[in-house]
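Asker: Note that the protein sequences, when read in sequence, are chains A and B.
So the first sequence is numbered by numbering that gives the first Met the number 0: it starts at 0 and just counts up by one.
So the second sequence is numbered by numbering that gives the first Met the number 0: it starts at 0 and just counts up by one.
Cβ atoms here follow ideal geometry from the backbone N, Cα and C, with glycine treated the same way.
One structure follows; several queries about it will come next.
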Amino acid sequence: MSYTFLQNYWWFLIALLGGLLVSLMFVQGANLHLGNRTLSDLQKRMILNSTGRKWELTFTTLVTFGGAFFASFPLFYSTSFGGAYWVWVLILISFVFQAVSYEFQNKKENLIGSQSFRVFLMINGILAPLLIGTAVGTFFTGSDFTVNKVAITDPSAPVISTWGNNWHGLEAVLEYHALLLGCTLVFLTGTLGALYVLHNVDDKAIHAQMRRSIKIDLLPFLIFFLSWVLILLVRQGYAVDENGTVSLEKFKYLHNLLQMPAVLVMLLAGVVLVLLGIWKGGFTQSRKGFWFTAPGAVLVVMAVFFLAGYNNTAYYPSYTDLQSSLTIRNSSSSPFTLQVMLWVSLLIPFVLAYIVYAWRQMDKKRITPEEIDSTPHKY
Amino acid sequence: MDVIAWSRLQFAMTAAYHWLFVPFTLGVAMVMAVMETLYVVKKDEFWKKTAQFWMKLFAINFAVGIATGIILEFEFGTNWSNYSWFVGDLFGAPLAIEGILAFFMEATFFAVMFFGWDKVSPRFHLASTWLTGIGATISAYWILVANGWMQNPVGTTFNPETVRSEMASAAAFWEVISNPVAVSKFFHSVTSGWVTGGVFVVGISCWYLLKNRQKKFAKASILVGSIVGIVGSFAVMLSGDASGVHAAEFQPMKLAAAEGLEDGGRKAAFTIVPGIKIPGMLSILATHDINGFVPGINDILNGYTDNEGNEIPSVAEKMAMGREALVALSIYRTTDDPSEKAEARYALEENVQYMGYGHLEKPEDVIPPVGVVFWAFRFMIGLGMLLLLELLVVGFLAWKDKLEGKKWLFIAALVCIPLVYICGQAGWVVAEVGRQPWTIQGLLPVNVAISSLSAGAVKTTFFLFLAIFSLFLVIEIRILIGAIKKGPETPNE
Numbered sequence: 000m001s002y003t004f005l006q007n008y009w010w011f012l013i014a015l016l017g018g019l020l021v022s023l024m025f026v027q028g029a030n031l032h033l034g035n036r037t038l039s040d041l042q043k044r045m046i047l048n049s050t051g052r053k054w055e056l057t058f059t060t061l062v063t064f065g066g067a068f069f070a071s072f073p074l075f076y077s078t079s080f081g082g083a084y085w086v087w088v089l090i091l092i093s094f095v096f097q098a099v100s101y102e103f104q105n106k107k108e109n110l111i112g113s114q115s116f117r118v119f120l121m122i123n124g125i126l127a128p129l130l131i132g133t134a135v136g137t138f139f140t141g142s143d144f145t146v147n148k149v150a151i152t153d154p155s156a157p158v159i160s161t162w163g164n165n166w167h168g169l170e171a172v173l174e175y176h177a178l179l180l181g182c183t184l185v186f187l188t189g190t191l192g193a194l195y196v197l198h199n200v201d202d203k204a205i206h207a208q209m210r211r212s213i214k215i216d217l218l219p220f221l222i223f224f225l226s227w228v229l230i231l232l233v234r235q236g237y238a239v240d241e242n243g244t245v246s247l248e249k250f251k252y253l254h255n256l257l258q259m260p261a262v263l264v265m266l267l268a269g270v271v272l273v274l275l276g277i278w279k280g281g282f283t284q285s286r287k288g289f290w291f292t293a294p295g296a297v298l299v300v301m302a303v304f305f306l307a308g309y310n311n312t313a314y315y316p317s318y319t320d321l322q323s324s325l326t327i328r329n330s331s332s333s334p335f336t337l338q339v340m341l342w343v344s345l346l347i348p349f350v351l352a353y354i355v356y357a358w359r360q361m362d363k364k365r366i367t368p369e370e371i372d373s374t375p376h377k378y
Numbered sequence: 000m001d002v003i004a005w006s007r008l009q010f011a012m013t014a015a016y017h018w019l020f021v022p023f024t025l026g027v028a029m030v031m032a033v034m035e036t037l038y039v040v041k042k043d044e045f046w047k048k049t050a051q052f053w054m055k056l057f058a059i060n061f062a063v064g065i066a067t068g069i070i071l072e073f074e075f076g077t078n079w080s081n082y083s084w085f086v087g088d089l090f091g092a093p094l095a096i097e098g099i100l101a102f103f104m105e106a107t108f109f110a111v112m113f114f115g116w117d118k119v120s121p122r123f124h125l126a127s128t129w130l131t132g133i134g135a136t137i138s139a140y141w142i143l144v145a146n147g148w149m150q151n152p153v154g155t156t157f158n159p160e161t162v163r164s165e166m167a168s169a170a171a172f173w174e175v176i177s178n179p180v181a182v183s184k185f186f187h188s189v190t191s192g193w194v195t196g197g198v199f200v201v202g203i204s205c206w207y208l209l210k211n212r213q214k215k216f217a218k219a220s221i222l223v224g225s226i227v228g229i230v231g232s233f234a235v236m237l238s239g240d241a242s243g244v245h246a247a248e249f250q251p252m253k254l255a256a257a258e259g260l261e262d263g264g265r266k267a268a269f270t271i272v273p274g275i276k277i278p279g280m281l282s283i284l285a286t287h288d289i290n291g292f293v294p295g296i297n298d299i300l301n302g303y304t305d306n307e308g309n310e311i312p313s314v315a316e317k318m319a320m321g322r323e324a325l326v327a328l329s330i331y332r333t334t335d336d337p338s339e340k341a342e343a344r345y346a347l348e349e350n351v352q353y354m355g356y357g358h359l360e361k362p363e364d365v366i367p368p369v370g371v372v373f374w375a376f377r378f379m380i381g382l383g384m385l386l387l388l389e390l391l392v393v394g395f396l397a398w399k400d401k402l403e404g405k406k407w408l409f410i411a412a413l414v415c416i417p418l419v420y421i422c423g424q425a426g427w428v429v430a431e432v433g434r435q436p437w438t439i440q441g442l443l444p445v446n447v448a449i450s451s452l453s454a455g456a457v458k459t460t461f462f463l464f465l466a467i468f469s470l471f472l473v474i475e476i477r478i479l480i481g482a483i484k485k486g487p488e489t490p491n492e
């Protein structure tokens, strides 16, 4: 297997994990409804118990996404995490609070009250998609960093990847194009959450609220998403030549889309599925919209990653120093590591199979007040 | 304090917090899996309720373990940027495998275990309970492969083209995952988790006996808990012995620090506490041979001949060679002159073995804080023996059904709960403080492993994380106490 193939393969898996992560962030999106004043406390608990049985999967996907990125493209890990420090720290803190909130929120000894933990879940519901989306947005806008590998021989300033400003990543929030992707993700995960609750919880009033929210979220989602795509297609991008030299190219991402028709098809198919699910959930009596929108979101996210990394493109560009930009060629692990990891990745279908099996077993019974009461463990 | 110190403190704090929750998970997972097995085999509701009680406590603790764990994983990138690049090629793989193989297993079956009682068959449920524990254990294996590699970096070569340590061949991966340091660390850590779980279950059960509540439940739990704990204790001792031999072989300075050994030699004595020594014992423990040579701190500083007859250079010599390697690397990376490049490459390859030493300022930098390591080592061993004694006594009396009225023993068992945590923390202090100044033994010292951040930024996140974790710990303890006071749903008999 050639090094190039292995690098492409791993970028494919990163894209897949990214896509799964976004779809699984329905957990975050659904938790936004904990602030819905028209829902009773019992109804909110039904939502909590619905997402509460899935959050570990989302969390684990995030951890594995990080681990896989580290293993396959360590220069990204060292450059982005160490550089865009505050963005990642904020994302992590929001997830850390999320992790304990389910277990802590309904316990009377929880010190700061149930409501605080539900607020933490809602903060995570907004911050996580907003910041992760914005961070991925910088794959196209570029960031302020330099990579200098000789630095390690200099004892006074040995760090290879250095960030150019003291905002350490927070400046991306002012990068309107990146921010548009963050906002898109907030509404997408919100919609996914509503679709999942609609599917998983048996309660007429909750259904009405979820359908309402799906309808309300549709317009902002479309505005943010379409404007992000339009700007992407007309903006200049970061192209790499055979020698690894990075240069700016006009309409780079439009070119990528046209030169990789498979990605174009993926993107369009993904968008159609996302919209089909929204239509089913929001505008018909069907409760199965989630099963269209979630796979659709996986396809769209994967297409976005492919646009960023394939077709001789720098996926983590530096606008400070073009030649410091990261590509899937210059930032990857060694061929041996990628090869070993490829063998390991052959186990992924097996992992997916038991997740699907367990998921189906668990979701056979929908969430109702009686169901919650009959379970010894509840949130 | 500078950014290096704050980064170290932040990582140490996160790891220490993480290790409060993980051993509990590993140990109580075993206890409750055994209990549920008894339920499925005996079809006795009592065991189901008993298992469910410990599961409830497991769940309260589990979430905080996850929360601290994700911070640890990402801190490699956020605070140890150079480290992530320099060794990511080897270090990232176990982390990714941990996610793919272990975490998904844990997460998936955790949900089945807690919410699946009336949705899946008893056998599938039992399998889920075991798989949750097995997932946690597999995860421990992979993260300790990563940690073991930091202590004994096998299967790697330095590549000047990429400026990092790379996997030497696909076959080298086998060296990485069968690294003896990783294997002994895995058994040592996981079985110390069993001790933690055992001591916790026994201690809490004794509280019920003290309060004259739930006696049947308490005695049954003590039996299971003490067996898990005792098996764990013996495994901890065996793997600890192997760890000692590995330290002698791969990290002699750690061993010298743990022993406070200034000058080594053959028939080296083992210090129980300062002033009390067993002659020859250290040589036996470290080399399994009374005539084995154990180098002291000064031997390592000044150079010595090891047991295989290899001449080990002094630290000053290693530093000189390391600096030559760094200079050669710098020239190799910057010059355009082919002959100069070839010369630099040659000089680099001659000295690359000691490149890490080139980053040190003075030879004494290789000495870890001796007092801390020395005493942590003694606390670990002393407490470990005490805890084994406790488990043996309580377990034996429970087996003979002679626990009735032994109030002093119940109180002692309760006191052992904080002690088992101190013991586990002390163990990690020995392992991690003992290998200072290295993030990767001999390859990369902490001062060049960091991210380019200001001390203020890391200081801020340090206190932020400290506040968050401390809040979580306080809440967890409160909730645990609440759940314990409420008690299990077994009949009160």
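Please state the DSSP three-state secondary structure of Met280/B.
Answerer: Helix.
Asker: Could you pull out every residue in the same chain whose Cβ sits closer than 6 Å to the Cβ of Leu300/B, ignoring the five residues on either side in sequence?
Answerer: Answer for Leu300/B: Val314 and Pro362, listed in chain order.
Asker: Under the three-state reduction of DSSP, which class applies to Ile271/B: helix, strand or coil?
Answerer: In this structure, Ile271/B counts as strand in the three-state DSSP scheme.
Asker: Against chain D, which members of the region 424 to 436 of chain B pass a CB distance test of less than 7 Å?
Answerer: Checking the listed chains, one finds no chain D in this structure; the protein chains it contains are A and B.
Asker: For the putative contact between Leu254/B and Ser188/B, defined by C-beta atoms under 8 Å, what is the C-beta separation to the nearest angstrom?
Answerer: Leu254/B to Ser188/B, Cβ: 19 Å. No contact.
Asker: Does DSSP classify Ala313/A as helix, strand or coil?
Answerer: Ala313/A: strand per DSSP, three-state reduction.
Asker: Count the other C-beta atoms from every protein chain shown that fall within 10 angstroms of the C-beta of Val473/B, then say buried if there are 16 or more, exposed otherwise.
Answerer: Result: exposed.
Asker: Count the other CB atoms, across all protein chains shown, that sit within 10 Å of the CB of Asp40/A; report buried if there are 16 or more and exposed otherwise.
Answerer: Per the 10 Å Cβ criterion, exposed.
Asker: Can you list, in chain order, the residues of its chain with a C-beta nearer than 6 Å to that of Ser330/A? Leave out the 5 residues immediately preceding and following it.
Answerer: The answer, listed in chain order, is Phe72, Leu74 and Phe75.
Asker: Within this structure, are the beta carbons of Met166/B and Ser100/A separated by less than 9 Å?
Answerer: Against a cut-off of 9 Å, the Cβ pair of Ser100/A and Met166/B comes out as no contact.
Asker: Within the region 203 to 278 of chain A, note down every full alpha helix (DSSP H) run reaching 4 residues or more, in order along the chain.
Answerer: Taking only runs of at least 4 residues, the alpha helix (DSSP H) segments lying wholly in the region 203 to 278 of chain A are 203 to 233 and 251 to 258.
Asker: Considering only the beta carbon of each residue, do Met104/B and Thr131/B sit closer than 9 Å?
Answerer: Contact: yes.
Asker: Taking the continuous alpha helix (DSSP H) assigned at Ile380/B, which residues delimit it?
Answerer: Its alpha helix (DSSP H) spans residues Val369 to Trp398.
Asker: Below 8 Å on the Cβ atoms is my guess for Val162/B versus Ile151/A; work out the distance and round it to an integer in Å.
Answerer: 6 Å between Cβ atoms; contact.
Asker: Shortest alpha-carbon distance to Ser225/B belongs to which of Met31/B, Val182/B, Ser329/B and Gly243/B?
Answerer: When only C-alpha atoms are compared, the closest one is Met31/B.
Asker: If you draw a straight line from the alpha carbon of Phe23/B to that of Leu257/A, how long is it in whole angstroms?
Answerer: The alpha-carbon atoms of Phe23/B and Leu257/A are separated by roughly 54 Å.
Asker: May I ask which residues mark the beginning and end of the beta strand (DSSP E) holding Asn158/B?
Answerer: Here the beta strand (DSSP E) through Asn158/B covers Thr155 to Asn158.
Asker: Measuring only between beta-carbons, confirm whether Ile159/A sits less than 9 Å from chain B.
Answerer: Judged by the 9 Å Cβ criterion, Ile159/A is in contact with chain B.
Asker: Taking Gly486/B as the reference, give the member of Val175/B, Gln213/B and Trp437/B with the closest Cα.
Answerer: Considering only alpha carbons, the answer is Gln213/B.
Asker: Just the Cα atoms here: how many angstroms apart are Pro219/A and His176/A?
Answerer: Answer to the nearest angstrom: the Cα atoms are 15 Å apart.
Asker: Nearest chain A C-beta to Lys118/B closer than 9 Å, yes or no?
Answerer: For Lys118/B, the answer is yes, since a Cβ of chain A falls inside 9 Å of its Cβ.
Asker: Any Cβ of chain A within less than 9 Å of the Cβ of His358/B?
Answerer: With 9 Å as the cut-off, His358/B counts as an interface residue toward chain A.
Asker: In chain order, what are the residue ranges of uninterrupted beta strand (DSSP E) at least 3 long that sit wholly in the region 132 to 216 of chain B?
Answerer: Listed in chain order, they are 155 to 158 and 163 to 166.
Asker: Does the region 294 to 310 of chain B come within contact of the region 261 to 278 of chain B, defined as at least 3 CB pairs closer than 8 Å?
Answerer: The answer is yes - the region 261 to 278 of chain B touches the region 294 to 310 of chain B, with three or more Cβ pairs under 8 Å.
Asker: Sorted by chain position, which residues of the same chain lie with C-beta nearer than 7 Å to Ser93/A's C-beta, five sequence neighbours on each side aside?
Answerer: Once the five neighbours on either side are set aside, the close Cβ partners of Ser93/A are Ile122, Asn123, Leu126 and Ala127.
Asker: Between the alpha carbons of Cys415/B and Lys406/B, how many angstroms are there, rounded?
Answerer: Cys415/B and Lys406/B: Cα-Cα distance of roughly 14 Å.
Asker: Taking 8 Å as the cut-off, does the region 177 to 192 of chain B touch the region 131 to 140 of chain B (at least 3 CB pairs, one atom from each stretch)?
Answerer: Contact holds: three or more Cβ-Cβ distances are below 8 Å.
Asker: By Cβ distance, which residues of its chain are closer than 7 Å to Thr49/B, with the 5 residues on each side in sequence left out?
Answerer: Contacts found: Met34, Phe216, Ala219, Ser220, Pro487 and Thr489.
Asker: Along chain A, in chain order, which residues have C-beta atoms closer than 7 Å to that of Thr77/B?
Answerer: Neighbours of Thr77/B on chain A, chain order: Phe80, Gly81, Tyr84, Trp87 and Val88.
Asker: I'd like the span of the alpha helix (DSSP H) that includes Thr107/B, first residue to last.
Answerer: It spans Phe103 to Phe114 - the alpha helix (DSSP H) in which Thr107/B sits, taken as one unbroken run.
Asker: So, Val27/A versus Gly192/A, is the Cβ gap smaller than 9 Å?
Answerer: Note on identity: in this sequence residue 27/A is Gln, with Val being the wrong assignment. Yes, Cβ-Cβ distance for Gln27/A and Gly192/A is below 9 Å.
Asker: Out of Pro375/A, Val339/A and Glu369/A, point me to the one whose CA is closest to Tyr8/A's CA.
Answerer: Selected option, being the one with the closest Cα: Val339/A.
Asker: Taking only runs that begin and end inside the region 102 to 162 of chain A, name each unbroken beta strand (DSSP E) of 3 or more residues, in chain order.
Answerer: Correct list: 144 to 146 and 160 to 162.
Asker: Using only CA atoms, which one of Trp116/B, Ala11/B, Glu74/B and Lys41/B lies nearest to Ser373/A?
Answerer: Of the listed residues, the one whose Cα sits closest to Ser373/A is Trp116/B.
Asker: Name the residue from Thr60/A, Arg44/A, Met45/A and Leu38/A whose alpha carbon lies nearest to the alpha carbon of Leu19/A.
Answerer: Ranking the options by Cα distance to Leu19/A, first place goes to Thr60/A.
Asker: Residues of chain B with CB closer than 7 Å to the CB of Gly65/A, please, in chain order.
Answerer: Glu72 and Phe73, listed in chain order.
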